[in-house]
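Adding 986 to a residue's 1-based position in the sequence shown gives its number in our numbering.
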Amino acid sequence: MTNTEKGLFYEKGIEFLIRQNPKIYFDNTKIDWNVKLKGKSGVEHQVDILLTTGKILTLVECKNHNRVIGYDVVAKFDSIQKDVNSSNGIIYSASGFSADAREYAAAKSINLESVNISEIIIKSCRDALKKFFPNLDDPPQKYWTIMEQKGNSTTGNCLFFEPSHMILLFFSKAEAYLYCKTGYNVFPVSSEHLRIMKGFAHNFRKNLCVYKNGEYIPLSIFDENS
């Protein structure tokens, strides 16, 4: 992997983390990559990631280096911020920051974040798993399902029903509980989890059915998008 590729890879990971951070990423926030901004001086500056929320500009610099980031990088970033009238600034580093860099950033209200690649990968995996595993507190779309339980959460294993190895959905929580076995619990099915369940049923040739009035009815009868 070239240095350019390493930089782009790191920027992509930082973008992922930004999108998970409610303190800097909002519903109306726009994210742009590798932006050229002309400052008051007339000089054009390159910005790794630009966050635009209304009239608020947040500049994001990403440094995937093997050495700690020093004062010179932070000072240059500060001058760019002033030149383009940026409201906020964040520098992410895969290798940390020197003491003088941190001292200067604190005086200029620039946020410094040390995030390495492994942290990004672990965070992305955890978020992906959260989407796959429903939570007892998730609001249901209109269905409930039965899954293996460990503590207050699910292991991700559905309870299958014979003879056709069905994954069942129920219209009511009480009805689903009638089918529970030891070690299983009833979980609400959010719209995201229903989408994942459809993909699982399709890819592994399982039958995704809705239980209604003692009958097992294919979900497609109720959901035209199945």
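Note that beta-carbon positions come from the ideal geometry of N, C-alpha and C, so glycine has one too.
Separation of residue j from residue i, as counted between CA atoms
| i | j | result |
| --- | --- | --- |
| Y1259 | V1175 | Any question about residue 1259 goes unanswered here, given that the chain covers just 987 to 1212. |
| Y996 | S1079 | 9 Å |
| M987 | I1000 | 18 Å |
| T943 | T1038 | Residue 943 is absent from the structure shown; the chain starts at 987 and stops at 1212. |
| N1074 | K992 | 25 Å |
| D1058 | G1040 | 30 Å |
| I1107 | E1089 | 29 Å |
| Y1163 | N1199 | 15 Å |
| E1047 | V1033 | 7 Å |
Residue i, DSSP secondary structure in three states
| i | result |
| --- | --- |
| L1205 | helix |
| I1077 | strand |
| F1157 | coil |
| K998 | helix |
| I1182 | helix |
| Y1197 | strand |
| K1009 | coil |
| L1164 | coil |
| T990 | helix |
| K1214 | Because residue 1214 is not part of the residues shown, which for the chain are 987 to 1212, the question remains open. |
Option in the options with minimal Cα separation from residue i
| i | options | result |
| --- | --- | --- |
| A1091 | S1081, I1077 and N1102 | I1077 |
| V1029 | F1012, L1036, T1015 and Q1067 | Q1067 |
| C1144 | Y1165, K1128, E1161 and S1158 | Y1165 |
| I1010 | I1035, K1024 and N1071 | I1035 |
| T1140 | G1169, F1157, A1160 and E1148 | G1169 |
| K1026 | V1060, N1071, F1156 and G1142 | N1071 |
| W1019 | H1031, P1008 and F1012 | H1031 |
| Y1129 | L1180, K1016 and G1056 | L1180 |
| I1042 | E1148, Y1202, T1015 and G1185 | T1015 |
| V1101 | D1209, P1008 and I1004 | I1004 |
| A1087 | S1095, S1081 and V1060 | V1060 |
Test: residue i CB closer than 8 Å to a CB of chain C
| i | result |
| --- | --- |
| S1158 | Of the protein chains in this structure there is only one, and it is not chain C. |
Residue i - partner residues in DSSP beta bridges
| i | result |
| --- | --- |
| N1071 | Its beta-bridge partners do not exist; DSSP assigns none. |
| M1133 | C1144 and N1171 |
| K1016 | T1038 |
| M1152 | F1147 and N1193 |
Proximity test, residue i beta-carbon vs the ligand ADP heavy atom, cut-off 7 Å
| i | result |
| --- | --- |
| L1003 | In the structure shown, the ligand ADP is absent, as is every other ligand, since no ligand is present at all. |
| request: Scan the region 1022-1056 and note each continuous beta strand (DSSP E) run of 3 residues or more that stays entirely inside, going in chain order. | output: Complete beta strand (DSSP E) runs here, min 3: 1030-1039 and 1042-1049.
| message | Give the list of continuous beta strand (DSSP E) stretches no shorter than 3 residues that lie fully inside the region 1081-1112. | response | Unbroken beta strand (DSSP E) runs of no fewer than 3 residues, entirely contained in the region 1081-1112, are found at 1097-1100, following chain order.
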